[in-house]
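All residue numbers for the sequence shown refer to the numbering used here, where the first residue is 54 and numbers rise by one. Beta carbons are placed, not taken as given, at the ideal position from N, Cα and C, and that holds for glycine.
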Amino acid sequence: METILHLLPLTSAQQDAFRAAAPEEEHLFLPTNDRRGAVDIPPEWRERTTILLGFVPPEDLKTFPHLRWVQSWNAGVDPYLVPGVLPEGVALTCAAGAYGPAVSEHMLAMLLAIYKRLPAYRDQQQAHIWKDLGHVRSLRGETVLVGGTGDIGRHFARLCRALGASKIIGLHRSDAPAEDFDQTFPLSAIDDLLPQADVVALALPHNGDTAGLLDRRRLLLMKQDAVLLNAGRGSAVDCAALADVLAQGHLLGAGLDVTDPEPLLPDHPLWDAPRAFLTPHTAGGYNHMQVTLDQLQELFLDNLRRWLNGQPLRSRMK
């Protein structure tokens with residue numbers, strides 16, 4: 054018999070759905086909204102747990118001696134993949150596919166805010182200034198370059214197309230076609246594509262190919278009036294170089310939900326960079342609560358059924 058520890062903030066009805074899916078297994082429910090994993094799990098529960106649905110700090114994994122499978126509520130599970138963190142033989146799945154609507158809508162909101170000068174108008178409001186700041190932009194007719202053609206990238210592409218973007222290009226590991234994109238290219242083609250894009254939106258994982266992807270040289274390859282968005286991993290953008298590029302007057306603006314380092318140090322130049330729009334890694338998580346939680350529940354239920362039936366797991370990382 055499996056002992057399943059549920060850390061999602063599930064309703065009573067949602068808990069019943071898990072019990073119905075695995076009626077022979079033991080279910081331990083400890084609802085939490087703390088995505089850092091700072092939750093007080095009784096020692097006897099840690100001892101019994103064989104399946105963990107949610108997230109605990111990486112260093113806590115060793116306190117679950119009988120763990121067999123971890124289904125993380127995060128799409129990125131880099132901390133769990135550090136050698137020696139995940140106990141030997143434990144399966145690991147991520148929540149890729151659960152955050153597309155939430156993160157893509159956040160990205161679009163940042164883009165439109167920059168296009169319509171909303172942060173500047175907010176600054177004027179606080180200073181009691183009534184002044185027309187002039188020309189604003191529209192997505193109609195724009196070329197959008199999306200780094201990452203997974204769930205988030207596809208959702209963002211659809212939103213941009215709905216608002217009239219004329220060309221949506223995807224960057225991923227190969228040049229194979231991807232749904233919702235007019236064209237796709239491997240990451241190695243980025244230097245040729247950056248000068249064509251009005252919007253560069255990143256929803257990339259952290260790996261050797263993406264770390265430092267947008268350095269100073271590539272930021273300067275972008276159009277003078279282009280917009281940069283990043284809601285994947287902060288390591289994809291050299292944030293110090295971005296602050297300097299913005300200070301030089303290059304780019305219409307940058308909207309970042311992730312940074313490197315994260316959180317930004319208090320004296321980091323990006324805080325005060327002109328036309329930088331920052332949010333503290335809040336695009337995903339539970340801030341889009343019902344939609345995100347429904348999709349997490351669906352993913353977790355599907356994978357639990359697969360596990361119990363000996364079928365391949367979705368979004369398996371290890």
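Which of the three DSSP states, helix, strand or coil, is assigned to residue i?
i           : result
residue 220 : strand
residue 95  : coil
residue 344 : helix
residue 86  : coil
residue 253 : strand
residue 315 : coil
residue 260 : coil
residue 56  : strand
residue 357 : helix
residue 79  : strand
residue 267 : strand
residue 336 : coil
residue 116 : helix
residue 100 : helix
residue 351 : helix
residue 324 : helix
residue 273 : helix
residue 288 : helix
residue 65  : helix
Provide the residue span of the alpha helix (DSSP H) that contains residue i, from first to last.
i           : result
residue 298 : 292-300
residue 209 : 204-215
residue 229 : Looking at the DSSP string, residue 229 is not in any alpha helix (DSSP H), and its letter there is neither H nor E.
residue 426 : Past the boundaries of the shown model lies residue 426; the chain is included only from 54 to 371, so the question cannot be answered.
residue 132 : 131-134
Hey, quick one: how far does the beta strand (DSSP E) through residue i stretch, first residue to last?
i           : result
residue 125 : 122-125
residue 308 : 306-309
residue 153 : From DSSP, residue 153 is part of no beta strand (DSSP E) but of the alpha helix (DSSP H) over 153-168.
residue 246 : Where residue 246 is concerned, there is no enclosing beta strand (DSSP E), although the alpha helix (DSSP H) it sits in stretches over 243-246.
Could you tell me which residues DSSP pairs with residue i in its beta bridges?
i           : result
residue 107 : 125
residue 71  : DSSP, once it has assigned bridges, lists no residue as partnering residue 71.
residue 236 : 222
residue 369 : 146
residue 283 : 255, 309
residue 198 : 222, 253
residue 330 : 308
What's the C-alpha gap between residue i and residue j?
i           : j           : result
residue 372 : residue 186 : Absent from the structure is residue 372, since the part of the chain shown begins at 54 and ends at 371.
residue 122 : residue 105 : 6 Å
residue 205 : residue 241 : 21 Å
residue 73  : residue 299 : 54 Å
residue 157 : residue 148 : 16 Å
residue 316 : residue 77  : 43 Å
residue 65  : residue 136 : 37 Å
residue 320 : residue 263 : 26 Å
residue 224 : residue 281 : 15 Å
residue 86  : residue 63  : 10 Å
residue 366 : residue 261 : 25 Å
residue 216 : residue 193 : 6 Å
residue 244 : residue 252 : 14 Å
residue 239 : residue 159 : 25 Å
residue 222 : residue 81  : 45 Å
residue 79  : residue 179 : 55 Å
residue 247 : residue 200 : 11 Å
residue 330 : residue 312 : 11 Å
residue 197 : residue 227 : 18 Å
residue 355 : residue 124 : 11 Å
residue 303 : residue 208 : 28 Å
residue 211 : residue 295 : 27 Å
residue 275 : residue 220 : 16 Å
residue 360 : residue 138 : 22 Å
Hey, residue i and residue j: beta-carbon distance below 9 Å or not?
i           : j           : result
residue 289 : residue 203 : no
residue 337 : residue 152 : yes
residue 140 : residue 115 : yes
residue 305 : residue 283 : no
residue 254 : residue 164 : yes
residue 150 : residue 348 : yes
residue 218 : residue 195 : yes
residue 75  : residue 357 : yes
residue 258 : residue 287 : no
residue 297 : residue 328 : no
Quick one: does the C-beta of residue i sit closer than 8 Å to a heavy atom of the ligand FMN?
i           : result
residue 138 : As far as ligands go, the structure on display features none, and thus does not contain the ligand FMN.
Would residue i count as contacting chain B if we go by Cβ distances under 9 Å?
i           : result
residue 205 : You won't find chain B in this structure, because it holds only one protein chain.
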